[in-house]
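A.B. asks: For the sequence shown, the residue numbers in the UniProt record's numbering are 1 to 571.
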Amino acid sequence: MSYPILPMGATSAPYVKKHYPALLKNVVHDCTTTIDGIYLFNDLVSAKGNIANETPGFKEYDAHGGDMACHIRAGMLQELYEYHCERTQVTGQSFLDGDVVRQYVDQLHIVRKNAQDACLQLTKHNVNPEKIGIPLKRDTASHIMEVLGWNTESVGSPDIYSPCANPRTPGSRTPSTSSLASGASSDTPSGSQTPANASESGSLSSFSAMSISSSISSTSGVSDVDSLTFPKWNVEDSRMAVLFLAATSALSNFKEFARMGSRITVRFIPKKALDAGNEVIEPYWDRSNTNYADFGINRIKDRNGFLQKWISRLSCSWIQTWATNLGLSQDLQRLVLDSTHRSPREVSVIGAFPAFLVCREIWASRGWPILIIDRHFCGKGVFNKPLTPMLSSFNECAKDITLGPIRRSLSETMSILSLNYLACSKAQVGHCIHMLGGSHPQYLSTAFREDGHHQIVPCHNDETCEEQCKHDEAFLATDHDLLAKCLLADHCQYPFEVLHQEVETCGEPVSRLKQSMESIRGLHALKVNDLGGGPVKIDIHCWEHVFSETPARVAAEVRSKVQEDDLNWFF
Numbered sequence: 001m002s003y004p005i006l007p008m009g010a011t012s013a014p015y016v017k018k019h020y021p022a023l024l025k026n027v028v029h030d031c032t033t034t035i036d037g038i039y040l041f042n043d044l045v046s047a048k049g050n051i052a053n054e055t056p057g058f059k060e061y062d063a064h065g066g067d068m069a070c071h072i073r074a075g076m077l078q079e080l081y082e083y084h085c086e087r088t089q090v091t092g093q094s095f096l097d098g099d100v101v102r103q104y105v106d107q108l109h110i111v112r113k114n115a116q117d118a119c120l121q122l123t124k125h126n127v128n129p130e131k132i133g134i135p136l137k138r139d140t141a142s143h144i145m146e147v148l149g150w151n152t153e154s155v156g157s158p159d160i161y162s163p164c165a166n167p168r169t170p171g172s173r174t175p176s177t178s179s180l181a182s183g184a185s186s187d188t189p190s191g192s193q194t195p196a197n198a199s200e201s202g203s204l205s206s207f208s209a210m211s212i213s214s215s216i217s218s219t220s221g222v223s224d225v226d227s228l229t230f231p232k233w234n235v236e237d238s239r240m241a242v243l244f245l246a247a248t249s250a251l252s253n254f255k256e257f258a259r260m261g262s263r264i265t266v267r268f269i270p271k272k273a274l275d276a277g278n279e280v281i282e283p284y285w286d287r288s289n290t291n292y293a294d295f296g297i298n299r300i301k302d303r304n305g306f307l308q309k310w311i312s313r314l315s316c317s318w319i320q321t322w323a324t325n326l327g328l329s330q331d332l333q334r335l336v337l338d339s340t341h342r343s344p345r346e347v348s349v350i351g352a353f354p355a356f357l358v359c360r361e362i363w364a365s366r367g368w369p370i371l372i373i374d375r376h377f378c379g380k381g382v383f384n385k386p387l388t389p390m391l392s393s394f395n396e397c398a399k400d401i402t403l404g405p406i407r408r409s410l411s412e413t414m415s416i417l418s419l420n421y422l423a424c425s426k427a428q429v430g431h432c433i434h435m436l437g438g439s440h441p442q443y444l445s446t447a448f449r450e451d452g453h454h455q456i457v458p459c460h461n462d463e464t465c466e467e468q469c470k471h472d473e474a475f476l477a478t479d480h481d482l483l484a485k486c487l488l489a490d491h492c493q494y495p496f497e498v499l500h501q502e503v504e505t506c507g508e509p510v511s512r513l514k515q516s517m518e519s520i521r522g523l524h525a526l527k528v529n530d531l532g533g534g535p536v537k538i539d540i541h542c543w544e545h546v547f548s549e550t551p552a553r554v555a556a557e558v559r560s561k562v563q564e565d566d567l568n569w570f571f
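1) On the three-state DSSP scale, how would you describe L136?
2) Taking the C-alpha atoms as reference points, what is the distance between M76 and Q93?
3) For a quick check, are the C-beta atoms of A273 and F257 less than 8 Å apart?
4) Return the Cβ separation of A423 and K18 in integer angstroms, given the expectation that the two are a contact with Cβ distance under 8 Å.
5) Considering G305, what are the terminal residues of the alpha helix (DSSP H) in which it resides?
6) Which complete alpha helix (DSSP H) runs does the stretch 472-535 hold, if anything under 4 residues is left out?
7) As a quick exercise: from G437, L436, H440, L387, pick the residue whose alpha carbon is nearest that of S415.
8) Are V546 and H71 close, meaning C-beta to C-beta below 8 Å?
9) In angstroms, rounded to a whole number, what distance separates the CA positions of P369 and L326?
10) How big is the Cα-Cα spacing for A141 and D481?
11) For R449, which residues of its own chain have a beta-carbon under 7 Å away from its beta-carbon, when the five flanking residues on both sides are left out?
12) Taking just the CA atoms, how far does N529 sit from K485?
13) Buried or exposed: which applies to P551, given that a residue is buried once 16 or more other Cβ atoms fall within 10 Å of its Cβ?
14) Just grab the DSSP bridge partners of S340 for me.
15) Can you check which of these residues, G305, A276, F244, is closest to R267 by C-alpha distance?
16) What is the rounded straight-line gap between the Cα of H541 and the Cα of E466?
17) What do you get for M435, buried or exposed, if any count of 16 or more other CB atoms within 10 angstroms of its CB means buried?
18) Check P386 in the structure and name its three-state DSSP category.
19) Contact check, V280 vs T123 under 8 Å by CB: the rounded distance?
20) Is it right to say E130 is buried, meaning 16 or more other beta carbons lie within 10 angstroms of its own, or is it exposed?
21) Closer than 8 Å by C-beta to C136: which residues in its own chain qualify, once you throw out the five before and the five after it? Chain order, please.
22) Between the stretch 369-385 and the stretch 98-105, are three or more C-beta pairs nearer than 8 Å?
23) Under the rule that 16 or more other beta-carbon atoms within 10 Å means buried, what is I297, buried or exposed?
24) Would you decide whether N461 is buried or exposed? Buried here means 16 or more other CB atoms lie within 10 Å of its CB.
25) Is the Cβ-Cβ distance between D565 and V498 less than 8 Å?
26) Kindly list the residues whose CB is nearer than 6 Å to the CB of A489, restricted to its own chain and excluding five residues on each side of it in sequence; keep chain order.
27) Would you mind giving the Cβ-Cβ distance between I319 and V336, rounded to the nearest angstrom? I have them listed as a contact below 8 Å.
28) May I ask which residues mark the beginning and end of the beta strand (DSSP E) holding I72?
29) Please identify the residue among C459, R512, Q468 whose C-alpha is closest to the C-alpha of K561.
30) Ends of the beta strand (DSSP E) at G437?
31) Alpha carbons only, please: which of K309, T321, Q330 is nearest the one belonging to V349?
32) Tell me whether the beta-carbon of P14 lies closer than 8 Å to the beta-carbon of N26.
33) Helix, strand or coil for T229? Go by DSSP, reduced to three states.
34) Please name the residue in S12, P270, L419 whose C-alpha comes closest to that of R138.
35) Tell me whether the beta-carbon of L44 lies closer than 8 Å to the beta-carbon of Y83.
36) State the Cα-Cα distance for the pair T152 and A74, rounded to the nearest angstrom.
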């Protein structure tokens, strides 16, 4: 099982006796992470509009999925949050009061307590494993979970949503389904072109998975679509919500942003994950007992990889579900499916340009608040300014039933705000989509040391600075809707090599649409330098990270970073 709720990333292979405490450590850590993620989400939903800046917020779910999809998960969180806020308002029932969520929380508390006790019995009191219900020599994670009190009748089998239900031999081809496909292995841009990273999305409706049943190509070929069970996005599914919150919480805790060549990349830090697990199990594991040993660091990496596979596939399902519910043409829905690929590491990704076009449709149709944090360097330091694009509806004069998401333009106005304004109570309007970026060449040349980490650059707050005034003028005059499309057209479409399907396997209508899409993508990519966002001169604005948070909390965080001369505004 690749992503059971517990223990995250466990396999179906038996675990030997010496690793029993290590598995119990993972269970305790995962229970704690999941419980904290559920409680925090409940607090955020219940305290809508009254969330203290000093408390943990939505950034606790800013998962590093290895799939260049931070903008997609920002939309997923936005949709989930809005749905449960509306549900709480209508029913008077909090997220935590839902039957499924409450059953999960109760089970997690029981399992965590029993795992702590079992670890104490095995290591400190040297109790025979058979006395607590575990075989003497080896056992599976599933059976150990049952021994610890996981009740499959109340909350279901822990691995029902696993992306890989059947074990496969190394090198075998991975099947796929209509809600999924192939993938990637790096969360940030890794191509030779624009190092931007994309958009946002969401809704309050009830969705089922896409009804189109078709095979999806992978980097190793097309496989049987019915062999595996994949997660499907449904905002009303409380079980899916619990798994999403658990996975994103786990994937957000142990990452760092750093420079890698001409890119800003996100990296998983396994040592931090290992230390966090050791901290929660420390009172219950007597390390002087040499009968037992911990897992190696590679097991930590594997667990993180399993979660990335699952969350990347759910992210693909979210885009595909929205492609259906937005009423896009059947051919365009199929194009989205055929744009989904899986990396050799089984992380799934939809091409950057078509995925952004679907996100953009949601962005406009839902009217979600958008906040751009623009960072610009002058000769004396760094400026930071929050800006809000006030979006209106699509320009209908270019509406096209087949290529509408590409051809239509957005009307928008841009306003410069202040951190003081964002920090005030009037600006607390719940969480919104935030886009962090700026002049990319300046950032790379000014902000980083040779080791790839940030160096100190003083903040320059002189509003009369000639360089900054010129930048503000150019920024406000830019068509940011067009710039965004051009950035994502110029962006590497997948962070791994994709073996494209033969045209005839798609059918003639989809084949023609693919050719049209690629032609339009090429035209937009050619425009990016003229707009100030391409590899030659990314001088206006380049997206570097997209996430969900309250404006007030972001303002407080940026202020804190500025006071410390810390340029790592990714948080």
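Every residue, glycine too, gets a C-beta built ideally from N, C-alpha and C.
C.D. replies: Working from what's here:
1) Judged by DSSP in its simplified three-state form, L136 adopts coil rather than helix or strand.
2) When rounded, the distance between both Cα atoms is 22 Å.
3) No; because the gap between Cβ atoms is not below 8 Å, this pair is not in contact.
4) With a Cβ gap of about 53 Å, A423 and K18 do not count as contacting.
5) Following the DSSP letters along the chain, one finds G305 inside the alpha helix (DSSP H) bounded by residues 297-325.
6) Whole alpha helix (DSSP H) segments, 4+ residues: 480-490, 508-531.
7) Nearest C-alpha to S415: L387.
8) Cβ distance < 8 Å, so V546 and H71 count as in contact.
9) Those two C-alpha atoms are separated by around 19 Å.
10) Rounded to whole angstroms, A141 to D481 spans 49 Å at the Cα level.
11) Q455, listed in sequence order.
12) One C-alpha to the other measures close to 13 Å.
13) Counting Cβ neighbours within 10 Å, P551 comes out buried, since at least 16 surround it.
14) One detail in the question is off: residue 340 reads as Thr in this sequence, not Ser. The partner list for T340 (beta bridge, DSSP) reads I350.
15) Taking each of G305, A276, F244 in turn and checking the Cα distance to R267, the smallest one comes out for G305.
16) As the crow flies, the alpha-carbon of H541 is around 18 Å from that of E466.
17) With 16 or more Cβ atoms within 10 Å of its Cβ, M435 is classed as buried.
18) If DSSP states are grouped into helix, strand and coil, P386 belongs with the strands.
19) Contact flag wrong, Cβ pair sits at about 15 Å.
20) Around the beta carbon of E130, a 10 Å sphere encloses fewer than 16 other beta carbons of the protein chains shown; the residue is thus reported as exposed.
21) Checking the sequence shown, residue 136 turns out to be Leu, not Cys. Taking L136 as the centre and dropping the five residues before and after it, the same chain places the C-beta of K17, N128, P129, E130 closer than 8 Å to its C-beta, in chain order.
22) Judged by Cβ distances under 8 Å, the stretch 369-385 makes no contact with the stretch 98-105, as fewer than three pairs qualify.
23) Exposed, since its Cβ has fewer than 16 Cβ neighbours within 10 Å.
24) Of the residues assessed, N461 falls on the exposed side of the cut-off, its CB having fewer than 16 other CB atoms within 10 angstroms.
25) No, Cβ-Cβ distance for D565 and V498 is not below 8 Å.
26) So the qualifying residues of the chain are F353, R521, H524, A525.
27) Indeed they touch by this definition, with Cβ atoms about 7 Å apart.
28) Per DSSP, I72 belongs to no beta strand (DSSP E); it is in the alpha helix (DSSP H), 70-91.
29) For K561, the nearest C-alpha among the options comes from C459.
30) Annotation for G437: the continuous beta strand (DSSP E) segment containing it runs 432-438.
31) Considering only alpha carbons, the answer is K309.
32) For P14 and N26, no; Cβs fall outside 8 Å.
33) Residue confidence is low: T229 scores 49 on pLDDT, short of 50, so the model does not pin down where it sits. No coordinate-derived value is stated.
34) Among S12, P270, L419, the Cα nearest to that of R138 is on S12.
35) The answer is no: Cβ separation not under 8 Å.
36) T152 and A74 have their C-alpha atoms spaced approximately 31 Å apart.
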